[in-house]
Amino acid sequence: MDALLLQFFSLDVAITYFPKMLRGLWVTIQLAFFIVISGLSLGLGLSLLRALKNRLLNFAIIFFADLMRCLPPLTLMFIFFFAFPLIGIPLSGKVAAWLALSLVLAAFSEEIFWTAILSVDKGQWDAARATGLSFSYTIFDVILPQALRISIPPLTNRTIAITKGVALASAVAVPEMLGEAIAATSYSSNSTPLIMAAVGYLAIFFPLTLISQRIESRIRWSL
Amino acid sequence: MTLLQVSGLRKSFDETDVLKNIDLTIERGECVFIIGPSGSGKSTLLRCLNRLEEPDEGIIRLSGVEITGKVKDINRIRQKIGMVFQSFNLYPHLTALSNVTLALRRVQKLHRAEANIRGLEALGEVGLSDKAHSYPGTLSGGQQQRVAIARALALKPQLMLFDEPTSALDPELVGGVIDAIRELQAAGMTMVIVSHEMRFAREAANMVVFMDGGEIVERGSPTDVFENTSHPRVADFLKSFT
Chain V
372 MDALLLQFFS LDVAITYFPK MLRGLWVTIQ LAFFIVISGL SLGLGLSLLR ALKNRLLNFA
432 IIFFADLMRC LPPLTLMFIF FFAFPLIGIP LSGKVAAWLA LSLVLAAFSE EIFWTAILSV
492 DKGQWDAARA TGLSFSYTIF DVILPQALRI SIPPLTNRTI AITKGVALAS AVAVPEMLGE
552 AIAATSYSSN STPLIMAAVG YLAIFFPLTL ISQRIESRIR WSL
Chain Y
8 MTLLQVSGLR KSFDETDVLK NIDLTIERGE CVFIIGPSGS GKSTLLRCLN RLEEPDEGII
68 RLSGVEITGK VKDINRIRQK IGMVFQSFNL YPHLTALSNV TLALRRVQKL HRAEANIRGL
128 EALGEVGLSD KAHSYPGTLS GGQQQRVAIA RALALKPQLM LFDEPTSALD PELVGGVIDA
188 IRELQAAGMT MVIVSHEMRF AREAANMVVF MDGGEIVERG SPTDVFENTS HPRVADFLKS
248 FT
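Chains as they are written, first to last, in the numbering used here: chain V, 372 to 594; chain Y, 8 to 249.
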């Protein structure tokens, strides 16, 4: 029991690596924040464009979504980090990681938003159009509020699953929290930094699930 | 005076002709019932009148102005044609009042206060002022349908279309909706009603149109159609109701 405590919960090790872990936590929070914002916005935007039912545009959106959902995020990060500089677009590790995970989240969330938009009863479109509402008013005032409500639970799952991929960014030299923890674990031959990282991840993602529950219950209307 | 004139209207879905050369003239203040077996094209005809369905051919004129073809502003025209659906189609995330005022605020660009006054007025006309702040989910089917009628009325339309307005209602709730429609008629509203309520049609209609297979088989006064029809198809259909 003592051995376990010493290996995973050593105060000395925790104190030594605390500053480094804190910096890692900050990097992870920043990346996660920007990925969620840009990924979900892009996904929502694409699903709205898809509602316009332009064939060429939809083909492009579906292709993008299928591609990004199939590729491993790590592959994307590598492409942005190692290949883009060769065509004259040097990207920092952070930007490469942000871009890769944002695009993956955009692809998944586009599909979730789109499915939700489709699942809104067709009569809602009829009613809105029959009162003379334009396409954009119909979407923003009638369809989207109902679609968003449907999409929040699956969206939360996806957002957490993909945003946790920030941990992959250490592969493109980003000093994010889990990478720092693994390095610290090797240096110290002690697993305490991993536990610290686990606590850090909880601190980031637990509030995210709470926020999602809050939003879900706030836009719940009596049915 | 003619309010609505339909001539040569055709519509097909895939290979099926749903409407074959429909001609129909409706005078101002008239209450026209469209009856007929299901699949006869009644609802499609109704949905073509405000272009929820795009007709393949034919001309529709509202107060003499063509509303088919390359019409510039269909959303303006739709304001003049109220529509009520079988399944109510109220917006579940908005209160009864917001359901009624949404188009007033968005399309007629009224301020919220002004729109609310008009909205409450419309809800009052269907006897639901006290439900203004209720969500559709908390209302009975009959109340929901009356809110839907108020939503259409608030835009001050020249013509009201009803697509089987009582078909989705429990029998004991049908009366309230029919009363609301009757009051509209008394106020001089021009109406086209697709319905299976034969007794209502018999009492309220100025003209009854019988459709079958995408065509108008017979049209005339309720007495002409319900009592003196010479068409076997009409007679067969009416027999199934007695």
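Glycine residues also receive a C-beta, built at the ideal position from the N, C-alpha and C atoms.
Rounded to the nearest angstrom, the gap between the Cα atoms of Y:N28 and Y:E222 is 7 Å. Across the set Y:L168, Y:R83 and Y:S14, the C-alpha of Y:L168 shows the shortest separation from the C-alpha of Y:Q93. Excluding its 5 nearest sequence neighbours in each direction, Y:T197 has C-beta neighbours in its own chain below 8 Å: L10, L11, I33, E34, R35, G36, E37, C38, Q165, L166 and M167, listed in chain order.
Among the residues facing chain V, Y:L11 is not included, as its CB has no counterpart in that chain under 8 Å away. Excluding sequence positions up to five before and after V:T563, its CB lies within less than 7 Å of the CB of F379, F380, S381, V384 and A385, all in the same chain and listed in chain order.
Per DSSP, the unbroken alpha helix (DSSP H) holding Y:I156 starts and ends at G148 to L160. Each of Y:H203, Y:S14 and Y:L160 was checked against the Cα of Y:A187, and the nearest Cα belongs to Y:L160. A Cβ-Cβ distance of about 5 Å is found for the pair V:A468 and V:M448, placing them in contact under the 8 Å criterion. When Cβ-Cβ separations below 8 Å define contact, Y:H238 makes no contact with chain V. Contiguous alpha helix (DSSP H) elements confined to the segment 548–590 of chain V occur at 548–559 and 563–589, taking only those with 4 or more residues.
In the three-state scheme derived from DSSP, where H, G and I count as helix and E and B as strand, V:R440 is classed as helix. Counting along the chain, the unbroken alpha helix (DSSP H) around Y:M205 starts and ends at M205 to A211.
DSSP places Y:F20 within a strand segment (E or B) once states are collapsed to three. Per DSSP, reduced to three states, the secondary structure at Y:E37 is coil, with no helix or strand assignment. For V:I408, the enclosing alpha helix (DSSP H) covers residues L382 to A422. Scanning Y:A110, Y:P99 and Y:K77 for the CA closest to the CA of Y:M90 turns up Y:A110. Nearest CB-CB separation between Y:M90 and chain V: below the 8 Å threshold. For Y:G227, the beta-bridge partners assigned by DSSP are Y:V215.
The C-beta of Y:P178 comes no closer than 8 Å to any C-beta of chain V.
In this structure V:F455 does not touch V:I533 by the C-beta definition: roughly 21 Å separates them, more than the 8 Å allowed. Assignment of beta-bridge partners to Y:F169 by DSSP yields Y:V91 and Y:I200.
When Cβ-Cβ separations below 8 Å define contact, V:A518 makes no contact with chain Y. Under the Cβ criterion (8 Å, minimum of three pairs), the segment 204–215 of chain Y counts as touching the segment 40–54 of chain Y.
With respect to V:T527, V:L476 sits apart: the two C-beta atoms are not nearer than 8 Å. Assignment of Y:L130 by DSSP, reduced to helix, strand and coil, places it in the helix class.
Nearest to V:S588 by C-alpha distance, out of Y:H238, Y:H100, Y:E121 and Y:R226, is Y:H100. Close to V:Y572, with beta-carbon spacing below 9 Å, lies no residue of chain Y; the smallest spacing is near 35 Å. Three or more Cβ pairs closer than 8 Å define a contact, and the segment 145–163 of chain Y meets that threshold against the segment 175–190 of chain Y. At a cut-off of 8 Å between C-beta atoms, Y:N123 does not count as an interface residue with respect to chain V.
For the 8 Å CB-CB criterion, Y:N123 and Y:T108 form a contact. Between the C-alpha atoms of Y:F20 and V:G571 there is a straight-line separation of about 58 Å. Residues of chain Y with a Cβ closer than 9 Å to the Cβ of V:S505 are, in chain order, N82, R113 and V114. At a cut-off of 8 Å, the C-beta of Y:S45 has no neighbouring C-beta in chain V. Between Y:L59 and V:D492, the C-beta gap is not smaller than 8 Å, which leaves the two residues out of contact. CA-CA distance, V:S490 to Y:C55, rounds to 25 Å.
The C-alpha of V:I408 is placed about 44 Å away from the C-alpha of Y:T51.
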